[in-house]
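Reading through the C-alpha cells given below for one structure.
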Amino acid sequence: MRNIVILISGSGTNMAAIVHAAQHDHWAERYGAQAVAVISNRADAAGLALACDLGLATDALDHKAFASREAFDAALMQRIDAFDVPGAPVLVVLAGFMRILTPGFVSHYAGRLVNIHPSLLPAFAGLNTHQRAIDAGCKVAGATVHLVTPELDHGPILAQAVVPVLPGDTAQTLAARVLTQEHLMYPKAVAGLLEKMRAKNYH
C-alpha cells in the first residue's frame, strides 16, 4: 500500500478534495494507495483541523524555526519518509504549500512529487497569477497539475483545466472560478499518476 502525504500552508481545500476522492473512489483497492497524513509549515493552517476531521495524521513544522531552507527541507523529508512502505515510497502532493523547495528535496522525491499551480503553465509561473492574467488581457485562465522539477513551476504536465476570464473579473473572482476546477482536476490527476505507478510496479 503506497501512502500519500499532502503538504499545505492554508485552508486545505484541494487537500480535502483529494482525500474525499481517495475515500469515495476506493483508491486503496483500485491503486493500492491511501492518503494518510497532512503536514503544514504553519501550525495555524485551517487545513490541519480539516485533515484531522477526515481521519488523517497531522503535523506542523514551522519553517521559521530553521536556520536555512536546506535544514527545514531535511526535517520535512524525515517526517514524510516515516510514511514510506517497502517497495512503495510515499507520494508527496503539494496542495497550496507556499514554500520554494530545495533541489535536494525535489531530487529525493523525483517522479513522486506533484504540485498544482493556478495558471496555464508555462504562462504565469510564480505568484499573483490571476491578476497577471487579467492585466495581460487573457481570454482564458486556469490551473495546471505537474510533476515538480528543480525549476519553479515547471516539470511534466499531468493535467490542465481552462476557465474563461470574464469582463469585470477581479483576481478574487477569477481565483474562485479556477479553484472550483482545481477541486475537480487535482484528484483525477493524482489518481492517473497512481494508476501509472501501479502499472509500472507490476511490469
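Residue numbers (this note's numbering): 382 to 584.
For each residue, glycine too, the CB sits at the ideal point set by N, CA and C.
Just so it is clear, the structure is predicted and the values come from calculations on it, not from any experiment.
For VAL400, same chain residues with a beta-carbon under 8 Å away, outside a window of 5 residues either side, are ILE387, ALA416, ALA432, LEU435 and LEU437 in chain order.
If you ignore the 5 residues before and after PRO499, its C-beta comes within less than 6 Å of the C-beta of THR510, ALA524 and VAL559, all in its own chain and listed in chain order. Per the coordinates, the alpha-carbon of MET566 lies some 10 Å from the alpha-carbon of ALA572. Of the candidates PHE478, GLU576, ILE461 and GLY518, GLY518 places its Cα closest to the Cα of ALA552.
Between SER390 and ASN422, the CB-CB gap stays under 9 Å. Cβ-Cβ distances below 7 Å link VAL526 to VAL495, ILE497, LEU539, ALA540, MET566, TYR567 and ALA570 in the same chain, with the five nearest sequence neighbours on each side left out; the list follows chain order.
In this structure, GLN562 keeps its C-beta atom at 9 Å or more from the C-beta atom of VAL546.
Contact annotation, ALA476 with ASN395: C-beta distance approximately 4 Å; criterion of less than 8 Å satisfied. Cβ-Cβ distances below 8 Å link LEU501 to VAL521, ALA522, GLY523, ALA524, THR525, GLN541 and VAL543 in the same chain, with the five nearest sequence neighbours on each side left out; the list follows chain order. Nearest neighbour of GLY536 by Cα position, chosen from SER488, GLU410, HIS564 and ALA426, turns out to be SER488. The DSSP-derived three-state label of ILE497 is strand.
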